[in-house]
Amino acid sequence: MNSAGAPSSGSSRRRFDDGARGVQLPDFRGGSLMGMYSPEQMLAFLQQGGVFMHLILLSGAVATAVTMERWFVLFVRSSMSARAFTNKICGHIRSGDFDQALTLSMAKKTPLARIVRAAIMARTGGSRDVQNAVDEAALAEIPTLQDRTPYLGTIAQIATLLGLLGTIVGLMQSFAAVQSAATEQRAMLLAAGISTALNTTALGLIVAVPTTVAYSMMQRKTERLIEQIDEASVRVMNLLILRKSEAAAAKAEIEETVAAR
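Quick note on the working numbering: the sequence shown kicks off at 851 and runs consecutively.
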């Protein structure tokens, strides 16, 4: 004790150190966390969850397959520089080089190029023929962009619900087991049962979170591709109709000139 009656700093430090010896601090260096992902513990983690773990894993496998397929379709096979492509097509149409415009559209294997090609091939008809050709091609191409993407949102919801259902069932089983256990073992059994039951919720969220992210990415990419198709098809269609009107007006003017002579 000092002159003011307060405990000395040395005695306070000793009491703190003595109490701290019984406290086990978590290891934030990653060693204990990495041990969680050992094959043996992962197998035990999955077995403890029961059938719900297997259903969630199946949902994750389906989500992975759908994501890979949609990524290839949307980001590889259907992706292109839409504005540059449309500008080149419109340039050929303005110059009257329809064959070159058709060749350029056939060189690209994307939904946008196929819709533009349908419009160019229908240029000899009226404006309604061009519009019908574009609509028909769009009805065939746009569903291929939208296919299976909604599955990802559904799978994310299913994985979350399966995790919650597995937790509820696990808790019910834990409480049933605690009732028949000895008094001194009930707390330990209840804690172990709750920990095991929460594993299904954890796995469900592990599957649902990246699946939701993938769904948002694919949905936005699909919307962007459809916007590009709408913009390009309208530009090409209007230009084709304008070129046909100009050609018809020039032809009528020539006929009037010839008739006047």
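We put the CB at the ideal spot given by N, CA and C, even for glycine. Just so we're clear, the structure is a prediction, and the values are computed from it rather than from any experiment.
* Identify, in the order they occur along the chain, each residue of the same chain with its Cβ nearer than 6 Å to the Cβ of V1028, setting aside the five sequence neighbours on each side. => Working through the sequence shown from its first residue, we reach residue 1028 at position 178. Result list for V1028: R1036, L1039 and L1040, in chain order.
* Residues in its own chain within less than 6 Å of G1003 by CB, not counting five upstream and five downstream? -> For the purposes of this step, residue 1003 is taken as residue 153 along the sequence shown, with counting starting at 1. Excluding residues up to 5 positions away in sequence, Y1065 lie with their Cβ nearer than 6 Å to the Cβ of G1003 in the same chain.
* State the start and end residues of the unbroken alpha helix (DSSP H) segment that holds F935. => As a working mapping, residue 935 is identified with position 85 in the sequence shown. Counting along the chain, the alpha helix (DSSP H) containing F935 begins and ends at A932 to R944.
* To do: Can you give me the Cβ contacts of L817 inside the same chain, cut-off strictly under 7 Å, excluding the 5 residues immediately before and after it?
  => Nothing can be reported for residue 817: it is not among the residues displayed for the chain, which extend from 851 to 1111.
* Asked: Comparing alpha-carbon positions, which option in E890, Q996, G900 and P889 lies nearest T1051?
  -> Position 201 of the sequence shown, counted from the start, is the residue given in the question as residue 1051. Looking at the Cα atoms, G900 is the closest of the given residues.
* To do: Reducing DSSP to helix, strand and coil, say where R998 ends up.
  => Along the sequence shown, one-based indexing puts residue 998 at 148. Annotated three-state conformation of R998 is coil, per DSSP.
* Going by other Cβ atoms of all chains shown within 10 Å of its Cβ, with 16 needed for buried, is L883 buried or exposed? -> For the purposes of this step, residue 883 is taken as residue 33 along the sequence shown, with counting starting at 1. Confidence at L883 is low in this model, with a pLDDT of 38, below 50, so its placement is unreliable and no value can be given for it.
* To do: Quick one: using the 10 Å Cβ neighbour count with 16 as the cut-off for buried, is K959 buried or exposed?
  => Looking up residue 959 in the sequence shown gives position 109. By the neighbour-count rule (16 or more Cβ atoms within 10 Å), K959 is not buried but exposed.
* Starting from the Cα of L1011, find the closest Cα among P889, S888 and L905 and give me that residue. => Within the sequence shown, residue 1011 is the residue found at index 161, counting from 1. L1011 has its Cα closest to that of L905, out of P889, S888 and L905.
* **Q1007 versus S928, A932, R1093 and V1063, residue with shortest Cα-Cα distance** => Taking the first residue of the sequence shown as 1, we reach residue 1007 at position 157. Here the closest residue by C-alpha is V1063.
* Asked: Exposed or buried, what is L1089 when buried is set at 16 or more other beta-carbons lying within 10 Å of its beta-carbon?
  -> One-based indexing of the sequence shown puts residue 1089 at position 239. L1089 is buried by the Cβ-count criterion.
* State the Cα-Cα distance for the pair L954 and F922, rounded to the nearest angstrom. => Mapped onto the sequence shown, residue 954 falls at position 104. Mapped onto the sequence shown, residue 922 falls at position 72. Their backbone Cα atoms lie some 23 Å apart in a straight line.
* A969, enclosing alpha helix (DSSP H) - first and last residue -> Here residue 969 refers to the residue found at position 119 of the sequence shown. From DSSP, the alpha helix (DSSP H) with A969 extends over P961 to M971.
* To the nearest angstrom, how far is it from the Cα of F925 to the Cα of I1076? -> Looking up residue 925 in the sequence shown gives position 75. Looking up residue 1076 in the sequence shown gives position 226. The C-alpha of I1076 is placed about 13 Å away from the C-alpha of F925.
* Quick one: what does DSSP say G1003 is sitting in, helix, strand or coil? -> Counting from one through the sequence shown, the residue named residue 1003 turns up at place 153. Correct three-state label for G1003: helix.
* Looking only at its own chain, which residues have a Cβ that is under 7 Å from the Cβ of L1053, when we skip the five neighbours before and after it? -> Taking the first residue of the sequence shown as position 1, residue 1053 is located at position 203. Taken in chain order, the residues that qualify are G899, M903, I906 and G1013.
* Close beta carbons around R1085, own chain, < 8 Å, minus the five adjacent residues each side -> As a working mapping, residue 1085 is identified with position 235 in the sequence shown. For R1085, where only same-chain residues beyond five positions count, the Cβ hits under 8 Å are T936 and C940.
* Applying the criterion that 16 or more other CB atoms from any shown protein chain within 10 Å of the CB defines a buried residue, is A856 buried or exposed? -> In the sequence shown, the residue the question calls residue 856 occupies position 6. Note that A856 has pLDDT 47, beneath the 50 cutoff, so the model's placement of it is unreliable and no number is given.
* Neighbourhood of V1057 by C-beta distance below 7 Å, restricted to the same chain and skipping five residues each side -> As a working mapping, residue 1057 is identified with position 207 in the sequence shown. Spatial neighbours of V1057 in its own chain (CB-CB distance under 7 Å, excluding positions within 5 residues in sequence) are listed in chain order as I906, S909, G910, A913 and A1009.
* To do: Round the Cβ separation of L962 and A1042 to the nearest angstrom and send it over; I've been treating them as touching at under 8 Å.
  => Numbered from its first residue, the sequence shown carries residue 962 at position 112. Numbered from its first residue, the sequence shown carries residue 1042 at position 192. For L962 against A1042, the beta-carbon gap comes to about 58 Å, at or over 8 Å, which does not count as contact.
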